[in-house]
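Student: The structure that follows is given in the form of structure tokens.
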Amino acid sequence: MNIEAKRILLTGGAGFIGTQLTKRLVEKNHIVIFDSLHRNALRYTDLQSHPNVTLVKGDVLDKAGLLEATRGCDIVIHLAAIAGVDTVMGMPTQTMKVNLLGTLHALDAAVEAGVKRFVDFSTSEVFGSHVYMAEEHNATALGVVGESRWTYAVSKLAAEHLTHSYHKEYGLAVVTIRPFNVYGPQQVGIGAIHTFVEDAIQGKDLVIHGDGNQIRAWCYIDDMVDGAVLCLEKDEAVGHVFNIGNPRGTVTVANLAHLVKRLAESDSKIIYGYKDYVDIELRIPSIKKAQNMLGYRPKVDLEEGLLRTIQWYREQLDDQADQT
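Numbering (the numbering used here), first residue to last: 817 to 1140.
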């Protein structure tokens, strides 16, 4: 599919990934952002004043409002979700409602509006707590019932099943993306790199929850956006699920803290704190399917991505200091 002169709806488009996708697509398309603005990365940009952007403040639980925003759109990129360990554990019921019913509403709207492509953003957490070079066809995990930590993963996995059911039953052209640990400038919400970088720049302690041996493969935001755009462009992507991440960015959480401290030239102390939640101990994707079918190649290595991220956060903190 040629991604030009299209009307593209991004649910949750004001978030971290949605904002970066908008920046990538906005010059040659009209972007409709449907978002509650709970996590608003748009505020770091001038996108709201761009002539090719329409911002609709709304909630994916509002079926009628979402349908109205979808009318006339060629593509839907469904990013809206409740995420983040602390948020999910504090509101597991709302997490299930937004992530599952919100996806149902988005799919119904897409079918009624006759969109040509529906891209659903899921999560790597559907693989469970130990994920090493996981391929898309590997078994997913449901987690322990009653453990709020897994509410998010279960809701997103159910949304995947729902999305691909619409492909089989209604012929909706769907693609599912499973992102693996995305980071970079303009990130909103809580995340290890976001927190480590801000604290390192300010000379605060870098707090590692648990023993720090948790292993992650980190993917820079530009590489995530590259993968998402390929899922829009490639017709062979339809009906498939893709891991999008960067296995080369693999590091323990403890080593990540030391790396951020070194690159930020920080005097922060690294300390270990109590971890009162179930965690993902190992998360590294296989991206062979995305490489072979889409031509996906992550380009930004971890140190380079961290340097770019550190520089952006440093500029933000300097601007805040100038305003006080």
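All residues carry an ideal CB built from backbone N, CA and C; glycine is no exception.
Which one or two residues does DSSP pair with Ala1080 in a beta bridge?
Tutor: Paired residues: none, contrary to the question.
Student: Am I right that Tyr1129 and Glu952 are in contact with their C-beta atoms under 8 Å? What's the rounded C-beta distance?
Tutor: That belief does not hold up - the Cβ atoms of Tyr1129 and Glu952 are roughly 33 Å apart, past 8 Å.
Student: Taking the continuous beta strand (DSSP E) assigned at Lys873, which residues delimit it?
Tutor: Val869 to Lys873 is the extent of the beta strand (DSSP E) around Lys873.
Student: Out of Gly881, Pro908 and Ile891, which one is the CA nearest neighbour of His921?
Tutor: Here the closest residue by C-alpha is Gly881.
Student: Rounded to whole angstroms, what is the Cα-Cα separation between Glu1119 and Leu1079?
Tutor: Distance between the alpha carbons of Glu1119 and Leu1079: 8 Å.
Student: Grab the span of the beta strand (DSSP E) containing Asn856 for me, first residue to last.
Tutor: Run containing Asn856: none; DSSP gives neither H nor E here.
Student: Write down every uninterrupted run of the beta strand (DSSP E) in the region 1015-1073 whose length is 3 residues or greater and which is fully enclosed by it, in chain order.
Tutor: Complete beta strand (DSSP E) runs here, min 3: 1022-1025, 1031-1033, 1057-1060 and 1066-1068.
Student: Grab me the residues of Tyr982's own chain with a C-beta within less than 6 Å of its C-beta, minus the 5 sequence neighbours each way, in chain order.
Tutor: Same-chain partners within the cutoff: Leu923 and Leu988.
Student: Which stretch, first to last residue, makes up the alpha helix (DSSP H) that contains Ile847?
Tutor: Here Ile847 belongs to no alpha helix (DSSP H); instead the beta strand (DSSP E) covers His846 to Asp851.
Student: Who are the near neighbours of Asn845 in its chain, counting only those whose CB is closer than 8 Å to its CB and skipping five residues on each side?
Tutor: Within the same chain, Asn845 has close Cβ partners Ile819, Glu820, Ala821, Lys822, Arg823, Ile824 and Asn868.
Student: Grab the span of the alpha helix (DSSP H) containing Leu923 for me, first residue to last.
Tutor: Unbroken alpha helix (DSSP H) run through Leu923: Gly918 to Ala929.
Student: Using beta-carbon positions only, say whether Thr1066 and Ile1096 come within less than 8 Å of one another.
Tutor: The answer is no: Cβ separation not under 8 Å.
Student: From the DSSP output, in three-state form, read off Tyr1142 for me.
Tutor: It is not possible to answer for residue 1142, since the shown part of the chain is limited to 817 through 1140.
Student: Are the CB atoms of Ala1008 and Phe1058 within a distance shorter than 8 Å?
Tutor: It is not a contact, given that the beta carbons lie outside the stated cut-off.
Student: Since Ala926 and Val872 should fall inside the 8 Å C-beta cutoff, what is the C-beta to C-beta distance between them, to a whole number of angstroms?
Tutor: Ala926 to Val872, Cβ: 16 Å. No contact.
Student: Taking the straight line between their C-alpha atoms, what separation do you get for Lys839 and Leu826?
Tutor: Cα to Cα, Lys839 sits roughly 12 Å from Leu826.
Student: Using DSSP with H/G/I as helix, E/B as strand and the rest coil, what is Ala899?
Tutor: Ala899 falls in the coil class under three-state DSSP.
Student: Would Ile1017 pass as a contact of Leu1133 if the rule is Cβ separation under 8 Å?
Tutor: Result yes, Cβ atoms of Ile1017 and Leu1133 sit closer than 8 Å.
Student: On the DSSP letters alone, give me the boundaries of the beta strand (DSSP E) that Gly944 sits inside.
Tutor: Segment: none, Gly944 is in no beta strand (DSSP E) and carries neither H nor E.
Student: Rounded to whole angstroms, what's the CA-CA distance from Phe832 to Tyr1036? Just pull it up for me.
Tutor: The straight-line gap from Cα to Cα measures roughly 12 Å.
Student: CB Asp851 to CB Ala899, shorter than 8 Å?
Tutor: For Asp851 and Ala899, no; Cβs fall outside 8 Å.
Student: Please report the Cβ distance between His894 and Phe934, rounded to the nearest whole angstrom; I am assuming they are in contact, meaning their Cβ atoms lie under 8 Å.
Tutor: Going by Cβ atoms, the distance from His894 to Phe934 rounds to 7 Å, so yes, they are a contact pair.
Student: Does Thr835 come out as helix, strand or coil in the three-state DSSP assignment?
Tutor: Reduced to three states, the DSSP call for Thr835 is helix.
Student: Within the same chain, show all residues whose beta-carbon is closer than 6 Å to that of Arg855, passing over the 5 residues directly before and after it, in chain order.
Tutor: Correct list, in chain order: Gly831, Val1004 and Gly1005.
Student: Would you list the residues sitting across from Thr827 in a DSSP beta bridge?
Tutor: BP columns for Thr827 point to Phe850 and His894.
Student: Would you check whether the ligand COA has a heavy atom nearer than 7 Å to the C-beta of Thr992?
Tutor: Although the ligand COA was asked about, the structure shown includes no ligands whatsoever.
Student: Can you find the residues in the same chain that come closer than 8 Å, C-beta to C-beta, to Val947, ignoring five residues on each side of it along the sequence?
Tutor: Ser940, Ile1096, Leu1098, Arg1099, Ile1100 and Pro1101, listed in sequence order.
Student: If you draw a straight line from the alpha carbon of Gln1127 to that of Lys1077, how long is it in whole angstroms?
Tutor: Approximately 13 Å between the Cα atoms of the pair.
Student: Bridge partners of Gly881, per DSSP?
Tutor: Per DSSP, none; premise fails for Gly881.
Student: Using only alpha-carbon positions, find the residue among Leu978, Val990, Gly1111 and His1010 that is nearest to Asn915.
Tutor: For the residues Leu978, Val990, Gly1111 and His1010, the minimum Cα distance to Asn915 belongs to Leu978.
Student: Put Val904 into one of helix, strand or coil per three-state DSSP.
Tutor: Helix at Val904.
Student: Check this for me: beta carbons of Arg1064 and Pro1114, under 8 Å apart or not?
Tutor: Against a cut-off of 8 Å, the Cβ pair of Pro1114 and Arg1064 comes out as a contact.
Student: Can you check whether the CB of Ile1087 is closer than 8 Å to the CB of His1074?
Tutor: No, the pair does not count as a contact, with Cβ atoms beyond the cut-off.
Student: When burial is assigned at 16 or more other CB atoms within 10 Å of the CB, is Val876 buried or exposed?
Tutor: Val876 should be labelled buried.
Student: Check Ile993 in the structure and name its three-state DSSP category.
Tutor: Looking at Ile993 - three-state DSSP - the assignment turns out to be strand.
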